[in-house]
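Have a look at the structure below before the remarks.
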Amino acid sequence: MNVLEVKNLTKQFGGLTATNDITMTVEKNSITAVIGPNGAGKTTFFNMITAVYKPTSGDILLNGHSLVGLKPHEVSKFGITRTFQNIRLFNEQTVIDNVLIGMHQHLKAHWVGTLLRLPSIRLEEEKAKVQAYKILKYVGLEDYVNENAGNLAYGAQRRLEIARAIAARPKVLLLDEPAAGMNPKETKKLTDLIHDMRTRLDVTIVLIEHDMKLVMEISDYIYVLDHGELIAQGKPDEIRNNQRVIEAYLGKVAAEND
Amino acid sequence: MVKEWFHKFSQSSRAQLFFIITYVLVTCLGLYLLEDSASAIFPFLLVLLSLLILYYMKINVKLKWAIGFIIIAVMIPLSASQGSNFQAFMDVGTLVLIYVAMSLGLNIVVGFAGLLDLGFIAFFAVGAYTYGIFGSKQANHFMPFGHYPLPGDTFWIFIFVGAIIAAIFGILLGIPVLRVRGDYLAIVTLGFGEIIRIVFNNMDHPINITNGSMGISQIQPPRIFGYPIDTPSEFYYVALFIFILVIYVVKHLENSKLGRSWKAVRDNEIAAQAMGIPLVKTKLAAFAIGASFSGMMGTVFAAKQMFVDATSFTYLESTMILVMVILGGMGSVPGVILGAAVVIILNNQVLTDLSNWMTSLSTAGILNVPDALSPSKMQRFIFGILLVVFALYRTQGLIPHKNKKVDAERLKREAAAEPPYGNSEAKTNLEGSDS
Chain A
1263 MNVLEVKNLT
1273 KQFGGLTATN
1283 DITMTVEKNS
1293 ITAVIGPNGA
1303 GKTTFFNMIT
1313 AVYKPTSGDI
1323 LLNGHSLVGL
1333 KPHEVSKFGI
1343 TRTFQNIRLF
1353 NEQTVIDNVL
1363 IGMHQHLKAH
1373 WVGTLLRLPS
1383 IRLEEEKAKV
1393 QAYKILKYVG
1403 LEDYVNENAG
1413 NLAYGAQRRL
1423 EIARAIAARP
1433 KVLLLDEPAA
1443 GMNPKETKKL
1453 TDLIHDMRTR
1463 LDVTIVLIEH
1473 DMKLVMEISD
1483 YIYVLDHGEL
1493 IAQGKPDEIR
1503 NNQRVIEAYL
1513 GKVAAEND
Chain B
-4 MVKEWFHKFS
6 QSSRAQLFFI
16 ITYVLVTCLG
26 LYLLEDSASA
36 IFPFLLVLLS
46 LLILYYMKIN
56 VKLKWAIGFI
66 IIAVMIPLSA
76 SQGSNFQAFM
86 DVGTLVLIYV
96 AMSLGLNIVV
106 GFAGLLDLGF
116 IAFFAVGAYT
126 YGIFGSKQAN
136 HFMPFGHYPL
146 PGDTFWIFIF
156 VGAIIAAIFG
166 ILLGIPVLRV
176 RGDYLAIVTL
186 GFGEIIRIVF
196 NNMDHPINIT
206 NGSMGISQIQ
216 PPRIFGYPID
226 TPSEFYYVAL
236 FIFILVIYVV
246 KHLENSKLGR
256 SWKAVRDNEI
266 AAQAMGIPLV
276 KTKLAAFAIG
286 ASFSGMMGTV
296 FAAKQMFVDA
306 TSFTYLESTM
316 ILVMVILGGM
326 GSVPGVILGA
336 AVVIILNNQV
346 LTDLSNWMTS
356 LSTAGILNVP
366 DALSPSKMQR
376 FIFGILLVVF
386 ALYRTQGLIP
396 HKNKKVDAER
406 LKREAAAEPP
416 YGNSEAKTNL
426 EGSDS
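Protein sequence lines correspond, in order, to chains A and B.
The first sequence: position 78 = 1340 (the working numbering), numbered continuously.
The second sequence: position 323 = 318 (the working numbering), numbered continuously.
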């Protein structure tokens, strides 16, 4: 069953076509990778799914509902959350508060109720904190609960972004270069985490990544973008040997000499 | 040796309690005895200092609030009540409370939600005019029904009417303004503040609503159970009542879902939206709630002065409130309270007293200070220097903001009692794969 369907998605910035006529389907509970050289339009593609950009044409369907025209926070309510290529944490807030903000849409508290100190809201808040702690423990950040997010090490910040995203209980989780800047050991841990999230959280994962080892290891299906065009798609083994993909990454001449 | 002693002292809540009570009693006695002399300002400041000491004490939080309340509501008025300066002191006290409440309102907008508002005084003006118009004969000019001025008993309702109308103005300002960000937002809010002032200054024709530049006079003093409130010492308690209300609201919202979403929007708009936080709604809530504090204090201001005109709501006033927030520490509630208190007391008490003292010196022929150098004329100069110094050496303000910490040990215990995160059927256990 397809959770996410993208139909003929195009985005133009003035005369520049960032993505052109992209169609893809993402199966439920799969791990799908979107790869391509720098500037291929991968992040633009994510930004359209999460409504940061409005597509010039085309449609995005989540479980059959169109997401085009929604506001970013509405897309999040529909069940898509993401992490960011350039880490976007709430740096001035504690680690646990970052996760609690991820839970925002699942908390029922209203400010009037907060001011009346309704017992239900205090209970909800308590439960949310325990849940946030469990999520932090899951990603291995339970020792930094009260630390400011901005003070964390780079790899820890990336994991906190994932923790914050899964706190929103998404149906589809978009990871934008989750392994960027990580050492091999951290990447290994991340690979395990992504694998585990799929089964444990029953979530569909779409990721953009440059680390080919990671991509080939965990992806069920891969889409390759180059200059805004979808140039190839298929299972990891098919992509590995695809001539056009090799050309896109290494250049035409190099690919021929190989 | 001293360090050791201090450490022991900070561990024992009984010793601290004893210290603060003695301190307050001694300084209050000093204020009581010196009340009539020119140096009454010193014990007055020392009594106020007790609140700052109290803040840094390591004792039970509820006890802290209780002691703080007793100092503000009982000790200060009581020990100052015997002398000739009583009303002057209470007037400063009322002003401090008014500005503290306003800067706490602005702190929500600037400190929590990160929206620079340079026209914040407009909401104060809205509150002031709301009571001013209906609490005087002014409303007769345009209201088709009813007799005005409304009796002073209605003032208590007008506190909340002022809050609501100011909140509505906050939303009205917010809707168009929130399309712009950063510097542009600051400019637009500045414009809004000026527009409100000029509109109030000119709304005497075709329908006379605000009486234009003549201002509204003879505003009814508030009454409670038939007893009129018209001295600063009585207004002090009105302001205190609203101040407590404001503190309650701020303290409860700061670490709630709404407070977190404000700070999320401040720290990173795009990420906040991606987490499901509606940008416009969250920002409007900050504008509305911040404005309502200002509106409430506006009604108190109108009732206290018994006169309102547009000159009280200039751009300078907006800057002043912003200075209080920045000086105290953006986003820090105790900091902002301290910042507002410092600015008002420095302005209205210390500099005035210093000027008077220097005048008396020059009349006695001891020291001849030209009038142009009198301290009360150098307010802006002094604040300018203060701001530069703070911007250079203490950007976080007097009391920097601290994030509220959770009890990690307790969460750990509670989390351990529950099943681990996620579906229980999951086969792999990530926590073990760390090696």
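Idealized CB from N, CA, C, for every residue including glycine.
If you count every other CB in all the chains shown that lies within 10 Å of the CB of residue i, and 16 or more means buried, which is it?
i	result
residue 86 of chain B	buried
residue 1503 of chain A	exposed
residue 1366 of chain A	buried
residue 0 of chain B	exposed
residue 1396 of chain A	buried
residue 424 of chain B	Reliability of the predicted coordinates at residue 424 of chain B is poor, the pLDDT of 44 falling under 50, and no value is obtained from them.
residue 413 of chain B	exposed
residue 1335 of chain A	buried
residue 1446 of chain A	exposed
residue 1422 of chain A	buried
residue 358 of chain B	exposed
residue 98 of chain B	buried
Sort out for me which residues DSSP pairs residue i with in a bridge.
i	result
residue 1495 of chain A	A:1485
residue 391 of chain B	In the DSSP output, where bridge partners are listed per residue, residue 391 of chain B has none listed.
residue 223 of chain B	B:218
residue 1410 of chain A	A:1356
residue 1468 of chain A	A:1294 and A:1436
residue 1328 of chain A	A:1323
residue 211 of chain B	B:303
Hey, how far is the Cα of residue i from the Cα of residue j?
i	j	result
residue 434 of chain B	residue 150 of chain B	This structure does not reach residue 434 of chain B, given that chain B is present from -4 up to 430, and the question cannot be answered.
residue 419 of chain B	residue 1392 of chain A	Because the pLDDT at residue 419 of chain B is just 47, under 50, the model does not fix this residue reliably, and the value given afterwards should be weighed accordingly. Cα to Cα, residue 419 of chain B sits roughly 17 Å from residue 1392 of chain A.
residue 23 of chain B	residue 324 of chain B	29 Å
residue 396 of chain B	residue 330 of chain B	7 Å
residue 1463 of chain A	residue 338 of chain B	54 Å
residue 1388 of chain A	residue 192 of chain B	46 Å
residue 416 of chain B	residue 1398 of chain A	9 Å
residue 184 of chain B	residue 164 of chain B	12 Å
residue 1427 of chain A	residue 1460 of chain A	14 Å
residue 356 of chain B	residue 362 of chain B	6 Å
residue 228 of chain B	residue 83 of chain B	9 Å
residue 118 of chain B	residue 101 of chain B	10 Å
Run the proximity test for residue i: is its beta-carbon closer than 6 Å to any non-hydrogen atom belonging to the ligand GDP?
i	result
residue 153 of chain B	As far as ligands go, the structure on display features none, and thus does not contain the ligand GDP.
Answer with yes or no whether the minimum CB distance from residue i to chain B is below 7 Å.
i	result
residue 1371 of chain A	yes
residue 1352 of chain A	yes
residue 1392 of chain A	yes
residue 1449 of chain A	no
residue 1335 of chain A	yes
residue 1456 of chain A	no
residue 1276 of chain A	no
residue 1416 of chain A	no
Taking 7 Å as the threshold (beta carbon to beta carbon), is residue i in contact with chain A?
i	result
residue 423 of chain B	Residue confidence for residue 423 of chain B is low, a pLDDT of 41 falling below 50, so the modelled location carries little weight; the figure read from the coordinates is stated next. Yes, residue 423 of chain B counts as interfacial toward chain A.
residue 403 of chain B	yes
residue 273 of chain B	yes
residue 289 of chain B	no
residue 398 of chain B	yes
residue 259 of chain B	yes
residue 266 of chain B	yes
residue 327 of chain B	no
residue 179 of chain B	no
residue 162 of chain B	no
residue 247 of chain B	yes
residue 251 of chain B	yes
residue 203 of chain B	no
residue 110 of chain B	no
Locate the beta strand (DSSP E) running through residue i, then write down its first and last residues.
i	result
residue 1544 of chain A	What is shown of chain A runs 1263 to 1520, which leaves residue 1544 of chain A out entirely.
residue 1435 of chain A	1434 to 1438
residue 1294 of chain A	1293 to 1297
residue 1320 of chain A	1319 to 1324
residue 1271 of chain A	1264 to 1275
What span of residues does the alpha helix (DSSP H) with residue i cover, start to end?
i	result
residue 1454 of chain A	1446 to 1463
residue 1343 of chain A	Where residue 1343 of chain A is concerned, there is no enclosing alpha helix (DSSP H), although the beta strand (DSSP E) it sits in stretches over 1342 to 1344.
residue 315 of chain B	310 to 323
residue 443 of chain B	Chain B is shown only over -4 to 430; residue 443 of chain B falls outside these bounds and no answer can be derived.
residue 1506 of chain A	1505 to 1512
residue 372 of chain B	Where residue 372 of chain B is concerned, there is no enclosing alpha helix (DSSP H), given that its DSSP letter is neither H nor E.
residue 179 of chain B	177 to 197
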